[in-house]
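Report on the structure given below.
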Amino acid sequence: MLNNKSILVTGGTGSFGRTFVREVLKRYPGVKRLVVFSRDELKQFEMAQEFSVNHYPAMRYFIGDVRDRNRLRRALHGIDTVVHAAALKQVPAAEYNPMEFIHTNILGAENLVEACMDVGIKRVVALSTDKAAAPINLYGATKLCSDKLIVAANGYSGSCEIKFSVVRYGNVMGSRGSVIPFFMEKAKSGVLPITDPEMTRFNITLQEGVEMVFWAIENMLGGEIFVPKIPSYRIMDVAEAIAPSCRKEIVGIRPGEKLHEEMITESDSFSTVDIGKYYAILPASGRLGVAQYSRHLPLEKVPAGFSFNSGKNKDFLTVEQLRDLIRKHVCPGFDPV
Numbered sequence: 001m002l003n004n005k006s007i008l009v010t011g012g013t014g015s016f017g018r019t020f021v022r023e024v025l026k027r028y029p030g031v032k033r034l035v036v037f038s039r040d041e042l043k044q045f046e047m048a049q050e051f052s053v054n055h056y057p058a059m060r061y062f063i064g065d066v067r068d069r070n071r072l073r074r075a076l077h078g079i080d081t082v083v084h085a086a087a088l089k090q091v092p093a094a095e096y097n098p099m100e101f102i103h104t105n106i107l108g109a110e111n112l113v114e115a116c117m118d119v120g121i122k123r124v125v126a127l128s129t130d131k132a133a134a135p136i137n138l139y140g141a142t143k144l145c146s147d148k149l150i151v152a153a154n155g156y157s158g159s160c161e162i163k164f165s166v167v168r169y170g171n172v173m174g175s176r177g178s179v180i181p182f183f184m185e186k187a188k189s190g191v192l193p194i195t196d197p198e199m200t201r202f203n204i205t206l207q208e209g210v211e212m213v214f215w216a217i218e219n220m221l222g223g224e225i226f227v228p229k230i231p232s233y234r235i236m237d238v239a240e241a242i243a244p245s246c247r248k249e250i251v252g253i254r255p256g257e258k259l260h261e262e263m264i265t266e267s268d269s270f271s272t273v274d275i276g277k278y279y280a281i282l283p284a285s286g287r288l289g290v291a292q293y294s295r296h297l298p299l300e301k302v303p304a305g306f307s308f309n310s311g312k313n314k315d316f317l318t319v320e321q322l323r324d325l326i327r328k329h330v331c332p333g334f335d336p337v
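Take the sequence shown: its position 93, counting from 1, is numbered 93 in the UniProt record's numbering, and each next residue is one higher.
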């Protein structure tokens, strides 16, 4: 699929980007070029120690910002496929720095869309978040707007042979700033801060996220928002899995947080199809309808009023399952405190 192709990953030094690059190099030894595009020279230097150009001739490191369309356009020359992972992501930071999130998450997506059309990219897969579904915080709102821009780009790309799709998923286990490494650090103090004991979240591993992006690159028609069928966890179960002996201190929900997250709203149900391992929210414009999509993949229309909510999910991780996942994906020698 990606052999003899050139791929660029925006935000390529992040948790997803590093894992994606590692998997591309392992699975597709014939990849032509693999470009990491990001704005942090230190992270690029550190990443180059693991994926050096000397050992991996396809690797390229390109310092730039998605806010800079000209720099994007330069980096995209000769590229076939783009994975757009660059974003500002911290919910509290967005509430206090709204314009910064708008410039990166919304205007950055616009710049990417326009630059990709300008230089003849073939496929673009953008990463999204559960917080983009019925958003109540600025971060989620910027990602919803970004998703809309990516989906809409399929309708005004003209004669360009380009496809844009979105992959939307929940909390990535063990990623920087996520709850599990946060709790593991806080456990050293003997106290775990709990926002709300009823809180739930979706859970996906980095590997599962990468697999989903590979699948999307291969199967996308353009205009879909792909959603994985993943389990939820209860925040109190995460606390119990990591530090059963620690005191739990209820600190209250932070500005912009939800008690439960959702990835498919009831309003989305009218254009959502079940395609097996994933759901696909088809564009509301009708450009890509259920009848057309059924000729591409086996599918089942979800019932009207369907939603995919972390609190109402049928699949919840147990404390022991959480511990096993932590040992496998976050900290191999992990023992509860």
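The beta carbon of each residue, even a glycine, is placed where N, CA and C say it ideally should be.
- Task: Please check the pair F316 and Y233, which I expect to be a contact at CB under 8 Å, by giving their CB distance rounded to whole angstroms.
- Result: 7 Å
- Sequence-distant residues of its chain with Cβ nearer than 7 Å to E261 (five each side left out): D130, K131, G170, R201, F202, S310
- Under the three-state DSSP convention, the category A239 falls into: helix
- Task: Closer than 7 Å by C-beta to G14: which residues in its own chain qualify, once you throw out the five before and the five after it? Chain order, please.
- Result: A85
- For V167, does the count of other Cβ atoms within 10 angstroms reach 16, so buried, or fall short, so exposed? buried
- Task: Answer with buried or exposed for L297, where buried requires no fewer than 16 other C-beta atoms within 10 angstroms of its C-beta.
- Result: exposed
- With contact counted as at least three CB pairs below 8 Å, one residue from each stretch, are the segment 178 to 197 and the segment 137 to 148 in contact? no
- Rounded separation between H77 and V119 - CA only: 6 Å
- Leaving out five residues before and five after G30 in sequence, what residues of the same chain have Cβ atoms less than 7 Å from its Cβ? N3, N4
- Message: What ranges does the beta strand (DSSP E) occupy inside the segment 123 to 180, keeping only unbroken runs of at least 3 residues that lie completely in it?
- Response: 123 to 129, 163 to 169
- Message: Taking its Cβ as the centre, do 16 or more other Cβ atoms sit within 10 Å of P228, making it buried, or is it exposed?
- Response: buried
- Message: What ranges does the beta strand (DSSP E) occupy inside the segment 78 to 128, keeping only unbroken runs of at least 3 residues that lie completely in it?
- Response: 81 to 84
- Query: Helix, strand or coil for N70 per DSSP?
  - Reply: helix
- For L221 and L288, believed in contact at Cβ under 8 Å, the rounded distance: 6 Å
- Taking V330 as the reference, give the member of D196, R27, A134, F183 with the closest Cα. F183
- Message: Do L25 and Y56 have their beta-carbon atoms positioned less than 8 Å apart in this structure?
- Response: yes
- Could you check the C-alpha separation between D335 and L206 for me, to the nearest Å? 21 Å
- Task: Kindly provide the ranges of any alpha helix (DSSP H) runs that are 4 or more residues long and lie completely inside the segment 288 to 328, ordered along the chain.
- Result: 290 to 294
- Message: Please identify the residue among A280, K312, G174, Y156 whose C-alpha is closest to the C-alpha of P332.
- Response: G174
- For G223, which option in F214, K186, D237, P283 has the closest C-alpha, if you only look at C-alpha atoms? P283
- Message: Let's test the definition: count the other Cβ atoms within 10 Å of the Cβ of Y156 and tell me whether it reaches 16, buried, or not, exposed.
- Response: exposed
- Query: Tell me the DSSP bridge mates of V273?
  - Reply: A280, K301
- Message: On the criterion of 16 or more Cβ atoms from any shown chain inside 10 Å, does Y96 qualify as buried, or is it exposed?
- Response: exposed
- Task: Starting from R201, follow its DSSP beta bridges and name the residues at the other end.
- Result: Y233
- Report buried or exposed for A126, applying the criterion of at least 16 other Cβ atoms within 10 angstroms of its Cβ. buried
- Query: Comparing the CB of N3 with every heavy atom of the ligand PLP, is any distance shorter than 7 Å?
  - Reply: As presented, the structure is devoid of all ligands, the ligand PLP included, so that no description of it is given.
- Three-state secondary structure assigned by DSSP to V35: strand
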